[in-house]
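Each residue of the sequence shown is one higher than the one before, counting from 1 in UniProt numbering. Where a beta carbon is used, it is the ideal one built from N, C-alpha and C, also for glycine. Below is one structure, written out as structure tokens, with a few remarks after it.
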Amino acid sequence: MWISYKWQEILPFSSSSINSSIHQIVSTYMRVSVVSVRQIVRERERERKMVSREKKIKAGLHDKLQLLRSLTKSNALNETSIVLDASRYIKELKQKVIKLNRELAESQSIISDNQSPLVTVDTLENGFLINVFLNKTNPGLLVSILETFEELGLSVMEASASCADSFCLEAFGGENQAGDLDAYVVKEAVLQAIRNCDED
Numbered sequence: 001m002w003i004s005y006k007w008q009e010i011l012p013f014s015s016s017s018i019n020s021s022i023h024q025i026v027s028t029y030m031r032v033s034v035v036s037v038r039q040i041v042r043e044r045e046r047e048r049k050m051v052s053r054e055k056k057i058k059a060g061l062h063d064k065l066q067l068l069r070s071l072t073k074s075n076a077l078n079e080t081s082i083v084l085d086a087s088r089y090i091k092e093l094k095q096k097v098i099k100l101n102r103e104l105a106e107s108q109s110i111i112s113d114n115q116s117p118l119v120t121v122d123t124l125e126n127g128f129l130i131n132v133f134l135n136k137t138n139p140g141l142l143v144s145i146l147e148t149f150e151e152l153g154l155s156v157m158e159a160s161a162s163c164a165d166s167f168c169l170e171a172f173g174g175e176n177q178a179g180d181l182d183a184y185v186v187k188e189a190v191l192q193a194i195r196n197c198d199e200d
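Written out as structure tokens, the structure reads:
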């Protein structure tokens with residue numbers, strides 16, 4: 001014998017309330033699902049960007065290493081060996097720079113020495129033999145030196161001079177009767193005459 005019951009008699013709530021509850025559950029689930037999907041999408045997008053950034057960094061590093069390998073003429077294939085070869089190459093360059101600077105300083109010193117006037121004064125019985133050499137010439141230099149001789153009381157007994165590309169003078173100067181001159185004084189006076197011409 002079948003006994004029929006109404007749902008309203010069994011359940012303490014109506015069908016409309018059931019439908020409303022189901023609707024709320026479904027809505028809540030959908031909202032949670034949408035939020036979860038968005039979070040997943042954002043997370044995957046973040047991971048994708050990180051992977052892309054890492055790839056760019058690795059690619060940039062690889063290009064720089066290859067450029068370094070080319071500049072240093074390295075035959076190495078791995079990163080560590082390339083860096084070690086580059087370090088040795090830099091040390092060699094530093095040594096070359098030091099050597100070049102030393103050679104440059106020596107060259108400048110030689111040039112400076114060549115530009116310095118060479119003046120020798122030899123004491124003779126009745127005067128001085130004066131030799132002047134300078135690797136450049138000055139139109140008024142000969143006159144200035146001769147005037148210096150005159151101021152010192154030296155009479156030029158004999159002289160030969162060349163003033164083409166360089167200046168060369170050999171002169172015999174007879175000393176005055178006082179005889180109070182020495183070779184050092186004559187040399188310093190000639191050097192001062194040369195300096196005066198350079199300043200003019």
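Take Asn196, set aside five residues on each side of it, and the residues of its chain with a beta-carbon closer than 7 angstroms to its own are Ser144, in chain order.
Glu106 and Leu93 have their C-alpha atoms roughly 20 angstroms apart. By the criterion of a C-beta distance shorter than 8 angstroms, Thr148 is surrounded in its chain by Ala189, Val190, Gln192 and Ala193, once the five residues flanking it on both sides are discounted.
Annotation: the continuous alpha helix (DSSP H) that includes Thr148 extends over Leu141 to Leu152. In this structure, the beta-carbon distance from Gly140 to Leu154 does not fall below 8 angstroms.
Ranked by how close their Cα comes to the Cα of Val119, the residues Glu199, Lys55 and Val185 have Val185 in first place. Here the alpha carbons of Leu65 and Arg88 stand approximately 15 angstroms from one another. For Asp122, the pairing in a beta bridge is given by DSSP as Leu129.
Between Leu68 and Ile57, the gap from beta carbon to beta carbon reaches 8 angstroms or more.
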